[in-house]
Amino acid sequence: MSSTPIKLIVGLGNPGARYVETRHNAGFLVVDELAKNWNSSFRSKTFSFSKTLAEEAKTEPLLIKPLTFMNLSGQAVQAYQTKLKLKPEQILVIHDDLDLPLGKLRFKAGGGGAGGQNGIKDIIRRIGPDFIRLKIGIDRPPQEWKVENWVLSKFKPEEKELIHKVIHNATKAVDKLLIEGLEPTMAEYNRLDLR
Numbered sequence: 004m005s006s007t008p009i010k011l012i013v014g015l016g017n018p019g020a021r022y023v024e025t026r027h028n029a030g031f032l033v034v035d036e037l038a039k040n041w042n043s044s045f046r047s048k049t050f051s052f053s054k055t056l057a058e059e060a061k062t063e064p065l066l067i068k069p070l071t072f073m074n075l076s077g078q079a080v081q082a083y084q085t086k087l088k089l090k091p092e093q094i095l096v097i098h099d100d101l102d103l104p105l106g107k108l109r110f111k112a113g114g115g116g117a118g119g120q121n122g123i124k125d126i127i128r129r130i131g132p133d134f135i136r137l138k139i140g141i142d143r144p145p146q147e148w149k150v151e152n153w154v155l156s157k158f159k160p161e162e163k164e165l166i167h168k169v170i171h172n173a174t175k176a177v178d179k180l181l182i183e184g185l186e187p188t189m190a191e192y193n194r195l196d197l198r
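Sequential numbering of the sequence shown, starting at 4, is according to the numbering used here.
Given below as structure tokens:
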């Protein structure tokens with residue numbers, strides 16, 4: 004596992020009011036909270052971004068929210084990777100994951116496939132698989148739901164408190180990652196279960 008400092012933090016989601024607080028926008032929810040915690044805001048309309056600095060961090064990561072819709076997320080990631088001359092392992096991508104239950108988060112060091120997540124699939128296609136991921140569990144849909152409808156659905160009222168805890172812990176985990184590195188962060192947060 005790499006100790007390369009994170010220079011780019013990408014939250015995946017879909018732009019527009021219709022997608023606010025949907026399961027697929029878990030990445031947006033986390034980077035919005037990070038920006039708020041770091042007294043920063045998003046400025047650009049091309050690929051939303053803001054330079055932010057965690058006070059104790061050894062790095063100054065840029066936060067971005069691609070506005071290309073989920074399936075083309077790799078465009079923004081590739082553009083910033085090229086602009087900032089980054090190695091993939093200097094990039095953290097935060098995204099929803101159907102295979103994790105709501106209430107769990109999981110860091111993954113580079114490598115591997117997309118696990119059915121189209122935003123991740125596009126990023127892998129454009130920059131390779133060696134970036135770091137923070138997966139936010141959103142659960143599998145009930146049997147009667149189509150996956151596409153599930154990921155674009157809003158969290159149920161009874162899930163709101165839990166998703167707020169998840170977002171809060173995800174931001175704490177990112178802060179720890181920036182200060183202490185990947186291994187201690189994985190050791191603490193990959194086993195965390197907020198359910």
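Note that CB positions come from ideal geometry on N, CA and C, so glycine has one too.
Under 7 Å between C-beta atoms of residue i and residue j
i: R109; j: K138; result: yes
i: V33; j: I126; result: no
i: L197; j: K175; result: no
i: H27; j: D102; result: no
i: K10; j: L95; result: no
i: T25; j: K107; result: no
i: G122; j: M73; result: yes
i: Q84; j: T7; result: no
Neighbour-count burial assignment, residue i, 16 or more Cβ in a 10 Å radius
i: S44; result: exposed
i: L64; result: Sequence check: residue 64 is Pro here, not Leu. By the 10 Å Cβ count, P64 comes out buried.
i: K163; result: exposed
i: A79; result: buried
i: N17; result: buried
i: K149; result: exposed
i: G30; result: buried
i: Q146; result: exposed
i: G114; result: exposed
i: P160; result: exposed
i: A190; result: exposed
i: A20; result: exposed
i: K39; result: exposed
Neighbourhood of residue i by C-beta distance below 6 Å, restricted to the same chain and skipping five residues each side
i: K54; result: Any reading at K54 must be qualified, since the residue scores a pLDDT of 42, below 50, and its modelled position is unreliable; no value is offered.
i: K180; result: Note that residue 180 is Leu in the sequence shown here, rather than Lys. Correct list, in chain order: T188.
i: W153; result: P144
i: V13; result: I67, V80 and V96
i: I166; result: F158
i: K111; result: R136
Inter-residue CB distance, residue i and residue j (contact presumed, cutoff 8 Å)
i: L155; j: N172; result: Going by Cβ atoms, the distance from L155 to N172 rounds to 24 Å, so no, they are not a contact pair.
i: P91; j: G140; result: The Cβ separation is near 24 Å, so there is no contact.
i: G184; j: I130; result: No, G184 and I130 are not in contact; Cβ-Cβ is about 21 Å, not under 8 Å.
i: L15; j: I97; result: 7 Å
DSSP-derived helix/strand/coil call for residue i
i: I263; result: Shown here, the chain extends from 4 to 198; a query on residue 263 therefore has no answer.
i: R143; result: coil
i: T71; result: coil
i: L155; result: coil
i: F110; result: strand
i: G14; result: strand
i: D178; result: helix
i: R136; result: strand
i: L197; result: coil
i: V23; result: coil
i: L37; result: helix
i: L101; result: coil
i: L87; result: helix
Beta-carbon contacts of residue i that lie in its chain and below 8 Å, excluding the five residues immediately before and after
i: E36; result: I170, H171, A173 and T174
i: N193; result: L108, R109 and F110
7 Å CB neighbourhood of residue i in its chain, flanking five on each side removed
i: T71; result: Q78 and A79
i: K124; result: A117
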